[in-house]
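Enquirer: Below is a structure I'd like to ask you about.
Below, the structure written as structure tokens:
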């Protein structure tokens, strides 16, 4: 529908422009045109202009397709088999997505957020509680249902008990901890249900075994929980939060010997895509029946965070309309190696493959003409390696913000590789819709990709282009693949 409206405006605009020029020319020359001239200029000439535009567009698309095809041939790996099945090496890099959790200003589940993005209702409202230096309210991604009362805050009560170091917490810190804790509880409940569901049939099959044999069978899944804390936090804050989350995990009756929690090293460039890639591709030493939980949480809804963004000159306002919008949220993924999940009989609704990253030679701010094709090259390489056709990818979800160059990079990707997709309806830009989520953005992209893949039964391309240089992509497939 959108394409038909655009074409109608284009055709009407061409006819109107030609008519105005012709009429102006006749009036200035005081010459009365003949019937043939009227027909030629009012009908023939506009059609000639439209035909020229159409031919030019086809020539441009052909040249782009040829360049993309050449890139695909250069990056493709030679295959000995004649079918289109992924290679064993590619399958070994797959991991199953067992559960997700997502909380943003547009919903407290992945399904709610995705529905808002699809309906076009994901808008950021002005926050009367937070203002810029000029006293004007700024748009934020505040979660309206979240309130923090320090006098009854569970985390603060726990921290003040015992001999724990005194730490100063901002309002936004407490909001982030609460959101992260809620996401962690949801994921742990899912993990516990999955573990119990895996053990039950096994016990029925092994009732005649000795007690020693049963002990090995009863060992639940080992959870490796990795936390992506806000960048502004100190080491003491990170440790305190990890201890609190460990308490939350133990309160769910998860065995302490099968639980490990650690804070990810601070790296503003690294996305969750890269972390998962490092865990499952480069580090093949995970023990069997081991699952990974990646949890990221952030909140910038507070006077101190807004002031810091204002001082850095990145806060959105009337003078900087493409600046960062303070927001908050949490995202978590429960994932496991696909081969391990299959051997345990665990059923996942989607799985991820093709995780790859590349650094742009030029920053996105400096590349105003979009010459750097790092994002496109990553996509072409992943599609070629996994034998995925362009038609199989029906949507693109990215962490793209509101900077024009990031949007142009995403538009170039869609125009070159996926011309059949609608840039308004099939491309979803998370940061632009939800505000600046910090380290949550890339993980939230994967959570939304999982939701879209399992419901839409089609492949989803997840892309990270929020950073100035680093680019990452991942392909999420439904189980029907």
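Residue numbers (this note's numbering): 178 to 658. All C-beta atoms, glycine included, are put in the ideal place defined by N, C-alpha and C. Bear in mind the structure is a predicted one, so any value in this text is a computation, not a measurement.
#1: Which residues does DSSP pair with residue 536 in a beta bridge?
#2: Quick check: the Cα distance between residue 189 and residue 227, rounded to an integer number of angstroms?
#3: Can you list, in chain order, the residues of its chain with a C-beta nearer than 6 Å to that of residue 506? Leave out the 5 residues immediately preceding and following it.
#4: What residue range is occupied by the uninterrupted alpha helix (DSSP H) comprising residue 635?
#5: DSSP three-state call for residue 593: helix, strand or coil?
#6: Count the other C-beta atoms from every protein chain shown that fall within 10 angstroms of the C-beta of residue 407, then say buried if there are 16 or more, exposed otherwise.
#7: Could you check whether the Cβ of residue 223 sits closer than 8 Å to any heavy atom belonging to the ligand MG?
#8: Residue 630: buried (16+ other C-beta within 10 angstroms of its C-beta) or exposed?
#9: Out of 416, 480, 209 and 649, which has the shortest C-alpha to C-alpha gap to residue 341?
#10: Secondary structure at residue 280, three-state DSSP: helix, strand or coil?
#11: By DSSP, does residue 506 sit in helix, in strand, or in coil?
#12: For residue 524, tell me which candidate among 533, 412, 215 and 512 has the shortest Cα-Cα distance.
#13: Go to residue 515, then tell me how far its beta strand (DSSP E) extends in each direction, as first and last residue.
#14: Mind reading off the beta-carbon distance from residue 612 to residue 503? Whole number of angstroms is fine, and I expect it under 8 Å.
#15: Where do the N-terminal and C-terminal ends of the alpha helix (DSSP H) with residue 558 fall, by residue?
#16: How many angstroms separate the CA atom of residue 360 from the CA atom of residue 475?
#17: Have a look at residue 485 and residue 307 and give me their C-alpha separation to the nearest angstrom.
#18: Residue 569 and residue 275: beta carbons closer than 9 Å?
#19: Taking the beta strand (DSSP E) that residue 573 falls in, what are its first and last residues?
#20: In the DSSP assignment, find the unbroken beta strand (DSSP E) run with residue 489 in it and report its ends.
#21: Where does residue 226 fall in DSSP's three states?
#22: Have a look at residue 622 and residue 231 and give me their C-alpha separation to the nearest angstrom.
#23: Among the candidates 399, 363, 350 and 353, whose CA atom is the shortest distance from the CA of residue 372?
#24: Closer than 8 Å by C-beta to residue 315: which residues in its own chain qualify, once you throw out the five before and the five after it? Chain order, please.
#25: Leaving out five residues before and five after residue 191 in sequence, what residues of the same chain have Cβ atoms less than 7 Å from its Cβ?
#26: Would you identify the three-state DSSP class for residue 606, choosing helix, strand or coil?
#27: Across which residues does DSSP place residue 467 in a beta bridge pair?
#28: Skipping 5 residues on each side, what residues in its chain have a beta carbon closer than 7 Å to that of residue 210?
#29: Contact between the stretch 575 to 584 and the stretch 633 to 646 is defined here as three or more beta-carbon pairs at a separation below 8 Å; is this criterion met?
#30: With a cut-off of 8 Å on the beta carbons, I'd call residue 473 and residue 620 a contact; round off their distance for me.
#31: Just mark residue 595 as buried or exposed, buried being the case when its beta carbon has 16 or more other beta carbons within 10 Å.
#32: What whole-angstrom Cβ distance do residue 288 and residue 609 have, given they're in contact under 8 Å?
#33: To the nearest angstrom, how far is the alpha carbon of residue 337 from that of residue 300?
#34: Any idea which residues DSSP pairs residue 653 with across the strands?
#35: Need the endpoints of the alpha helix (DSSP H) that residue 416 sits in, please.
#36: Below 8 Å, how does it come out for the stretch 521 to 540 and the stretch 554 to 572: are there three or more Cβ pairs, yes or no?
Expert: With the given structure in hand:
#1: Taking the chain shown and counting its residues from 1, one reaches residue 536 at position 359. According to DSSP, which records beta bridges pairwise, residue 536 is partnered with 647.
#2: Taking the chain shown and counting its residues from 1, one reaches residue 189 at position 12. Taking the chain shown and counting its residues from 1, one reaches residue 227 at position 50. Rounded to the nearest whole angstrom, the C-alpha separation of residue 189 and residue 227 is 10 Å.
#3: For the purposes of this step, residue 506 is identified with residue 329 of the chain shown, where counting begins at 1. Contacts found: 280, 281, 614 and 617.
#4: Along the chain shown, one-based indexing puts residue 635 at 458. It is not in any alpha helix (DSSP H) - residue 635 carries neither H nor E in the DSSP assignment.
#5: The residue given as residue 593 occupies position 416 in the chain shown. Helix at residue 593.
#6: Here residue 407 is taken as the residue at index 230 of the chain shown, counted from 1. Of the other Cβ atoms in all chains shown, 16 or more fall within 10 Å of the Cβ of residue 407; this residue is therefore buried.
#7: You won't find the ligand MG in this model; it holds no ligand whatsoever.
#8: By 1-based counting over the chain shown, the position of residue 630 is 453. When all chains shown are included, residue 630 counts as buried.
#9: In the chain shown, the residue the question calls residue 341 occupies position 164. The option with the nearest alpha carbon to residue 341 is 416.
#10: On the chain shown, position 103 is the one that residue 280 refers to. Strand.
#11: Against the chain shown, residue 506 aligns to sequence position 329. Strand.
#12: Counted from its first residue, the chain shown places residue 524 at position 347. The residue with the shortest Cα to Cα distance from residue 524 is 512.
#13: Mapped onto the chain shown, residue 515 falls at position 338. Run containing residue 515: none in the beta strand (DSSP E); it sits in the alpha helix (DSSP H), 515 to 520.
#14: By 1-based counting over the chain shown, the position of residue 612 is 435. By 1-based counting over the chain shown, the position of residue 503 is 326. 6 Å between Cβ atoms; contact.
#15: By 1-based counting over the chain shown, the position of residue 558 is 381. DSSP places residue 558 inside the alpha helix (DSSP H), whose first and last residues are 551 to 562.
#16: Here residue 360 refers to the residue found at position 183 of the chain shown. Here residue 475 refers to the residue found at position 298 of the chain shown. When rounded, the distance between both Cα atoms is 12 Å.
#17: What you label residue 485 is simply residue 308 of the chain shown in a count that begins at 1. What you label residue 307 is simply residue 130 of the chain shown in a count that begins at 1. Going by the C-alpha atoms only, they are around 13 Å apart.
#18: Indexing the chain shown from 1 puts residue 569 at position 392. Indexing the chain shown from 1 puts residue 275 at position 98. Going by C-beta atoms, residue 569 is not nearer than 9 Å to residue 275.
#19: Residue mapping note: residue 573 aligns to position 396 of the chain shown, counting from 1. First-last of the beta strand (DSSP E) with residue 573: 570 to 575.
#20: For the purposes of this step, residue 489 is taken as residue 312 along the chain shown, with counting starting at 1. Per DSSP, residue 489 belongs to no beta strand (DSSP E); it is in the alpha helix (DSSP H), 480 to 489.
#21: Residue numbering aside, residue 226 sits at position 49 when the chain shown is read from its first letter. Per DSSP, reduced to three states, the secondary structure at residue 226 is helical.
#22: Against the chain shown, residue 622 aligns to sequence position 445. Against the chain shown, residue 231 aligns to sequence position 54. About 36 Å.
#23: To locate residue 372, count along the chain shown from 1; it is residue 195. Among 399, 363, 350 and 353, the Cα nearest to that of residue 372 is on 399.
#24: Taking the chain shown and counting its residues from 1, the one referred to as residue 315 is at position 138. Spatial neighbours of residue 315 in its own chain (CB-CB distance under 8 Å, excluding positions within 5 residues in sequence) are listed in chain order as 303, 304, 307, 308, 309, 483, 492, 493, 494, 502 and 503.
#25: Residue numbering aside, residue 191 sits at position 14 when the chain shown is read from its first letter. So the qualifying residues of the chain are 223, 226 and 227.
#26: Taking the chain shown and counting its residues from 1, one reaches residue 606 at position 429. Residue 606: strand per DSSP, three-state reduction.
#27: Here residue 467 refers to the residue found at position 290 of the chain shown. Paired residue(s): 399.
#28: Numbered from 1 along the chain shown, position 33 holds the residue referred to as residue 210. Hits under 7 Å: 203.
#29: By the Cβ criterion, the stretch 575 to 584 is in contact with the stretch 633 to 646, since at least three pairs of Cβ atoms, one from each stretch, lie closer than 8 Å.
#30: Indexing the chain shown from 1 puts residue 473 at position 296. Indexing the chain shown from 1 puts residue 620 at position 443. Contact flag correct, Cβ pair sits at about 5 Å.
#31: Your numbering for residue 595 matches position 418 in the chain shown. Result: buried.
#32: Your numbering for residue 288 matches position 111 in the chain shown. Your numbering for residue 609 matches position 432 in the chain shown. Between residue 609 and residue 288 the Cβ distance is about 20 Å, and since that is not below 8 Å, they are no contact.
#33: The sequence position of residue 337 within the chain shown is 160, counting from 1. The sequence position of residue 300 within the chain shown is 123, counting from 1. Between residue 337 and residue 300, the C-alpha separation is close to 39 Å.
#34: Working through the chain shown from its first residue, we reach residue 653 at position 476. In the DSSP output, where bridge partners are listed per residue, residue 653 has 529 and 637.
#35: If you number the chain shown from 1, residue 416 lands on position 239. Here the alpha helix (DSSP H) through residue 416 covers 412 to 428.
#36: yes
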